[in-house]
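Peer 1:
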Amino acid sequence: MRPLFYTLSLLCSLSICWSTPPNTEGKRPDIICILVDDMGYSDLGCYGGEIETPNLDRLASEGLRFTQFYNASKCEPTRASLMSGRYWPETGLGLKHGHTIGEVLQEADYTTFAIGKWHLDGHPMDRGFDHYFGHLSGASAFFPPLNPSFYLDRDKFSTNDAEFYTTDAFTDYAIEFIKNSKEEDPDKPFFLYLAYNAPHNPLQAPDEDIAKYRGKYLRGWDEIRKSRYERLLQLGIIKPGTKLSPQPNNIPDWDSLSPEQQDLEDLRMAVYAAMIDRLDQNIGRLMDYLKNAHLDNDLLVVFLSDNGGSPFSRTDANMLARNLLPGDARSNWEIGTAWANVSNTPFRLYKRNQHEGGIATPCIVWWSDNIESPGDITEQTAHIIDLLPTFMEVANIEEAELSEMDKNLAPLPGYSLLPILAGEERQPHEFIYFQLFDHRAIRSENWKLVAVDGKPWELYNLTEDRSETNDLSHENSAIAYSLDREWNRWWKQTTKRSYNSKRSVTATKDMRDDREGGAEYVPTTMPDRLKNKR
Numbered sequence: 168m169r170p171l172f173y174t175l176s177l178l179c180s181l182s183i184c185w186s187t188p189p190n191t192e193g194k195r196p197d198i199i200c201i202l203v204d205d206m207g208y209s210d211l212g213c214y215g216g217e218i219e220t221p222n223l224d225r226l227a228s229e230g231l232r233f234t235q236f237y238n239a240s241k242c243e244p245t246r247a248s249l250m251s252g253r254y255w256p257e258t259g260l261g262l263k264h265g266h267t268i269g270e271v272l273q274e275a276d277y278t279t280f281a282i283g284k285w286h287l288d289g290h291p292m293d294r295g296f297d298h299y300f301g302h303l304s305g306a307s308a309f310f311p312p313l314n315p316s317f318y319l320d321r322d323k324f325s326t327n328d329a330e331f332y333t334t335d336a337f338t339d340y341a342i343e344f345i346k347n348s349k350e351e352d353p354d355k356p357f358f359l360y361l362a363y364n365a366p367h368n369p370l371q372a373p374d375e376d377i378a379k380y381r382g383k384y385l386r387g388w389d390e391i392r393k394s395r396y397e398r399l400l401q402l403g404i405i406k407p408g409t410k411l412s413p414q415p416n417n418i419p420d421w422d423s424l425s426p427e428q429q430d431l432e433d434l435r436m437a438v439y440a441a442m443i444d445r446l447d448q449n450i451g452r453l454m455d456y457l458k459n460a461h462l463d464n465d466l467l468v469v470f471l472s473d474n475g476g477s478p479f480s481r482t483d484a485n486m487l488a489r490n491l492l493p494g495d496a497r498s499n500w501e502i503g504t505a506w507a508n509v510s511n512t513p514f515r516l517y518k519r520n521q522h523e524g525g526i527a528t529p530c531i532v533w534w535s536d537n538i539e540s541p542g543d544i545t546e547q548t549a550h551i552i553d554l555l556p557t558f559m560e561v562a563n564i565e566e567a568e569l570s571e572m573d574k575n576l577a578p579l580p581g582y583s584l585l586p587i588l589a590g591e592e593r594q595p596h597e598f599i600y601f602q603l604f605d606h607r608a609i610r611s612e613n614w615k616l617v618a619v620d621g622k623p624w625e626l627y628n629l630t631e632d633r634s635e636t637n638d639l640s641h642e643n644s645a646i647a648y649s650l651d652r653e654w655n656r657w658w659k660q661t662t663k664r665s666y667n668s669k670r671s672v673t674a675t676k677d678m679r680d681d682r683e684g685g686a687e688y689v690p691t692t693m694p695d696r697l698k699n700k701r
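Numbers given in our numbering equal positions in the sequence shown, counted from 1, plus 167.
#1: How about leucine 211 and glycine 283: do their beta carbons lie closer than 8 Å?
#2: Alpha carbons only, please: which of Pro513, Pro419, Asp224 is nearest the one belonging to glycine 476?
#3: Work out the CA separation of threonine 692 and lysine 379 for me, nearest whole Å.
#4: Can you tell me which of the three DSSP states glutamine 414 falls into?
#5: Taking the straight line between their C-alpha atoms, what separation do you get for threonine 675 and glycine 503?
#6: Below 8 Å on the Cβ atoms is my guess for phenylalanine 236 versus alanine 549; work out the distance and round it to an integer in Å.
#7: Pull the bridge partners of glutamine 371 from the DSSP assignment, please.
#8: For the alpha helix (DSSP H) containing proline 315, name the first residue and the last one.
#9: Any contact between the stretch 254-266 and the stretch 576-586? By contact I mean 3 or more CB pairs, one from each, below 8 Å.
#10: Leaving aside the five residues before and after methionine 442 along the sequence, list all residues of the same chain whose C-beta is less than 6 Å from its C-beta, in chain order.
#11: Any idea if methionine 436 is buried or exposed, counting beta-carbon neighbours within 10 angstroms, 16 or more meaning buried?
#12: Measuring CB atoms only, is the stretch 633-651 touching the stretch 411-423, in the sense that at least three cross pairs come out at less than 8 Å?
#13: Start and end of the beta strand (DSSP E) containing leucine 588?
#14: I need the straight-line Cα distance from tyrosine 277 to leucine 319, nearest angstrom please.
#15: Can isoleucine 551 and alanine 239 be called in contact, C-beta distance under 8 Å?
#16: Using DSSP's beta-bridge definition, name the partner residues of lysine 615.
#17: How is glutamine 660 classed by DSSP in three states: helix, strand or coil?
#18: Between which two residues does the alpha helix (DSSP H) containing leucine 359 stretch?
#19: Three or more C-beta pairs under 8 Å: does that hold for the stretch 301-316 against the stretch 332-352?
#20: With a 10 Å radius around its C-beta and 16 neighbouring C-beta atoms as the bar for buried, classify arginine 610 as buried or exposed.
#21: Can you tell me where the alpha helix (DSSP H) holding threonine 504 begins and where it ends?
#22: Take aspartate 651 and list the residues in its own chain whose beta-carbon comes closer than 7 Å to its own, dropping the five residues that flank it on each side.
#23: Cα separation between asparagine 699 and arginine 246?
#24: Exposed or buried, which one is methionine 572 when buried takes at least 16 other CB atoms within 10 Å?
Written out as structure tokens, the structure reads:
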């Protein structure tokens, strides 16, 4: 085993660790980065889920799946890190400092498109993107009326079309932007940032997709979670011996629910599943277009989620008072704690937390004929900050060019994924850092130090205990102490202040379901007046 805290080579301390470029003739691929919203680790079929995702499953069978890929646990910090290649405390929420992927690739003569949820400061076309369709906010309805921050390029966008559904529309505009760009200049590469806001609330989907799943979740969250866990083992996504984390005490057993509660909870999850199913249909439609247009011969596609499943269910009473059920236009239902726990199988906790349930994402990389072992699964650890270095390498952009753009910032902390795609062992991160509100973590090789709710640190050996069930902080106090010092060093260097967990809590009182204990989850009852509506 390597030493716990090895020293990176001088090269890696000064710049990005490049692999041998696959583009020996200088041809640069088109690049698509697909980011979905609030989707958990086990929701896709190729990651153990029962939801039908044949198109993403096909990308996985032809590409590479990561089992230990990390995001930043919530919408804004993940987007800031993805766009900048930096940890969000360095850029600020909203990406106040540093250049975006769009600016870097635009400077390198890529045509750049942003589609979907932005949730960063400014307008995408002021931050490196040639065209934009989507909303600037953190959430929007899927059916009209839409969030007022919708734009088509720089023009406000609205529609009353009853057939409009955001997931479909995002794909429509992605295809249109690509088609127009290639007609104008067939040889100019493009970068597409496609940020679907599914399956983030509001839980809304077309009726035909909901009907496909209605009744399938009457088995209950206990059984669905066990089934996902077993499939994760069968697929090799988690290692033999990995435990299924215990069901939280604040989630009732399914059998304790009344039939009316089970009915509504089945509908809630059926709509969530329908949203992911529709998402997969649209990714298939995009890939079919690219294939038929002969644009898939040198195309890099990365797919991942911005955080784990979200535990909130703040709007149930209000929705029922308005006679709105999950799936209805104008409704705003959320998935709730119990189904979020299923979504994040086999891990603990949720969106916003720094335990694996909040930060571990499915990640699929597909790249024409450039994946060394198509269909393979890699256990090498990676983070969303690695995407910008990866895209820079395939676009033949030197790190020094970005250093010139970001003169006031440190070198990028991420490393290109290309060695992993080539079937090689990549120089791993010495440390990976996490923080949001009063949740924080640091990972070094197999060790992870993590805290929730401002509580004392917990220490886990992720090689033996990926689901974080056996706290080793007392038995290995020296390791915990060393990691604690390193996390605090990073935090102070990055933010210019010492860490104070109380000062870091900015969540509102109605968003505290991400607590370790959590508020008791009380399933909602289907009213008699609505039971035949869906």
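Glycine residues also receive a C-beta, built at the ideal position from the N, C-alpha and C atoms.
Peer 2: Looking at the coordinates:
#1: no
#2: With distances taken between Cα atoms, glycine 476 lies closest to Pro513.
#3: 22 Å
#4: coil
#5: Legend: pLDDT at threonine 675 = 40, less than 50; position of this residue unreliable, no value from coordinates given.
#6: 5 Å
#7: Gly494
#8: Segment: none, proline 315 is in no alpha helix (DSSP H) and carries neither H nor E.
#9: yes
#10: Closer than 6 Å at Cβ, skipping near neighbours: Ala365, Pro366, Ala372.
#11: buried
#12: yes
#13: Per DSSP, leucine 588 belongs to no beta strand (DSSP E); it is in the alpha helix (DSSP H), 585-588.
#14: 20 Å
#15: Yes, they are a contact pair.
#16: Arg610, Tyr627
#17: Helix, per DSSP.
#18: Per DSSP, leucine 359 lies in no alpha helix (DSSP H); the unbroken beta strand (DSSP E) holding it starts and ends at 357-362.
#19: Taking a cut-off of 8 Å on C-beta distances, the stretch 301-316 touches the stretch 332-352, as three or more cross pairs fall below it.
#20: buried
#21: 503-510
#22: Answer for aspartate 651: Leu616, Trp624, listed in chain order.
#23: One alpha carbon belongs to asparagine 699, the other to arginine 246, and they sit about 40 Å apart.
#24: exposed
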